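Below is one structure; the comments refer to it alone.
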Amino acid sequence: MSTVSRRSSADRTAGRTARPTPLRPPVTGWPEWGPPAPADSAAAVLDDLCGPLFASLRRSDQRRRGAEYVQGLLSTGGRKSIRNMAALIGGSGTGQRLHHFICSSTWDWTPVRRALARYLTEAAPPQAWVVRPMTIPKVGQHSVGVSRYFSPDEGQTLNAQRAVGVWAVSEELSAPVNWRLHLPQTWIKDGLRRNQASIPCEVEPETIGDCAVTACQEMFEGWDLPPRPVVVDVGEADPLATIAGLRARGIPSLVRVADGLSLTLTDPGLTGHGTRPMTAAGIMRAARNMGRPVTWRPGATATTRTALVTTVRVGVRGAGQDGGPLLLVGLGPADRSRAPELWLTDLPAGRSAAFPQWADGVRRVDRAFDDITAQVGIRDYVGRSYSGWHRHVTLASAAHTVAVLSTPVGVRPVRAS
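Position 167, counted from 1, in the sequence shown is what this note's numbering calls 156; the numbers after and before it change by one each time, with no gaps.
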């Protein structure tokens, strides 16, 4: 049974663009997701989505281009370049029109993302919002935001664009709804590069952690979305600055931290350690006997899982201190076969039973990215413009939504971690 909510005839008609040519089944398929969804199913979801998604676009030709672009992302095999998509869609001048729509048009991607987020929350109300980074390897130096940086995950220096995405995660699906492109100093301070990429004057230098905070702030100020905890797993981001930034904006969060993060024990259940700073891993070792098992079901068709959850009240110096106590959270297997993941949160200990499920959203996002988001070409934009990048990833997020909502819930796997 589809999770797409059915609206009234009047609602579905309002703002709708003309129905695009029926989708062909995706050439690439969806790894681990069984056979591609039937073409008529994907076309029906796309048709249902296009009305609210492109309602902010004033011209009917822009709404048609938007539907064609999403259709091209879903249907084109291999690299989702504008040339390849235009060849599949067909029609004289299609490539030029799509290129103008993405790279040179003036439509604002923010209302489109807001409409996508609202559509998703109606289709499958999220349990949490998950923030994860995205790396887009590049060969040259001209794509907006590209720079060289050392990737701890890859263990090498990469030439790449970097961004953070905010995902809606529910039992039924995981889908991206907002993105923020990281622009290093070499781009912000270089007038020529900034002008060539048409970077808006209000865009200032940010860290990756700043990107995460700002992306969440954009969503919670005016998008009218349900308040849910924000789960942040962005390895490069300063966890204390991130949780402080979110807390200052009234956004409760669960932020992944490294073993060596320096904290101060303030938990009355642990005595004899004084007030000297300790590493997060050291605190968790001291709290070894405070863990409690929590059982949950990570998906609608998955078997139950059990995690050992340990919460310890801690203090930090500076960032994050003024808003009240913080909890250091350890999440590990019930048999203690490996060291626990460490998280920092301003959520109350009374909600600890939900921590494993929220943290598991990170793994579900990563699987969805590999299985769907990458397949619809979110990293395939080759233009140089700032606005072009944002429009492309916005419509790739819409294509992801069409793909996941046109796949029956029973076919969606929940793989073991």
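Ideal Cβ placement from N, Cα and C applies to all residues, glycine included. None of these values were measured; they are calculated from a predicted model.
Distance CB(residue i)-CB(residue j) smaller than 8 Å
i, j, result
"I71", "L87", "yes"
"P218", "A117", "yes"
"V153", "L109", "no"
"G321", "E330", "yes"
"A323", "T295", "yes"
"V133", "W378", "yes"
"W156", "V244", "no"
"T299", "G319", "yes"
"S395", "A164", "no"
"L42", "A387", "yes"
"V354", "V119", "yes"
"P241", "D97", "no"
"P337", "V223", "no"
"G366", "K127", "no"
"L297", "R325", "yes"
"I188", "A149", "no"
"I78", "E57", "yes"
"R238", "Q206", "yes"
"V221", "G350", "no"
"R151", "H171", "yes"
"Q408", "S93", "The question about residue 408 has no answer, for the chain in this structure spans -10 to 406."
"I361", "L317", "no"
"T146", "G198", "no"
"R102", "T383", "yes"
"P115", "P216", "no"
Endpoints, the beta strand (DSSP E) within which residue i is located
i, result
"N483", "Beyond the ends of the chain as shown, which are -10 and 406, falls residue 483; an answer cannot be given."
"M123", "A117 to P126"
"R245", "S242 to R245"
"R137", "S136 to S140"
For residue j and residue i, believed in contact at Cβ under 8 Å, the rounded distance
i, j, result
"V391", "V158", "That belief does not hold up - the Cβ atoms of V391 and V158 are roughly 18 Å apart, past 8 Å."
"A106", "M208", "7 Å"
"G304", "T253", "4 Å"
"S136", "T83", "That pair is no contact at about 33 Å."
"A226", "A201", "6 Å"
"R368", "I91", "At roughly 15 Å, the Cβ-Cβ gap does not stay under 8 Å, so R368 and I91 are not in contact."
Bridge partners - residue i, DSSP secondary structure assignment
i, result
"A296", "V283 and P322"
"R48", "DSSP output for R48 lists no bridge partner at all."
"G304", "T253"
"T268", "S251"
"L62", "For L62, which the question treats as bridged, DSSP gives no partner whatsoever."
"L317", "V301 and L333"
Unbroken alpha helix (DSSP H) run spanning residue i, endpoints
i, result
"L87", "T83 to H88"
"L259", "Segment: none, L259 is in no alpha helix (DSSP H) and carries neither H nor E."
"R72", "I71 to I78"
"T110", "W98 to A112"
Cβ of residue i within 8 Å of any chain B Cβ
i, result
"G350", "Note that chain B does not occur in the displayed structure, where there is just one protein chain."
Would you mind listing the alpha helix (DSSP H) stretches within the stretch 328 to 405 that are 4+ residues and don't spill past its ends, in chain order? Correct list: 344 to 357 and 375 to 394.
Alpha helix (DSSP H) segments (min. 4 residues) lying fully within the stretch 144 to 228: Counting only runs of 4 or more, we get 174 to 177, 180 to 185 and 197 to 209.
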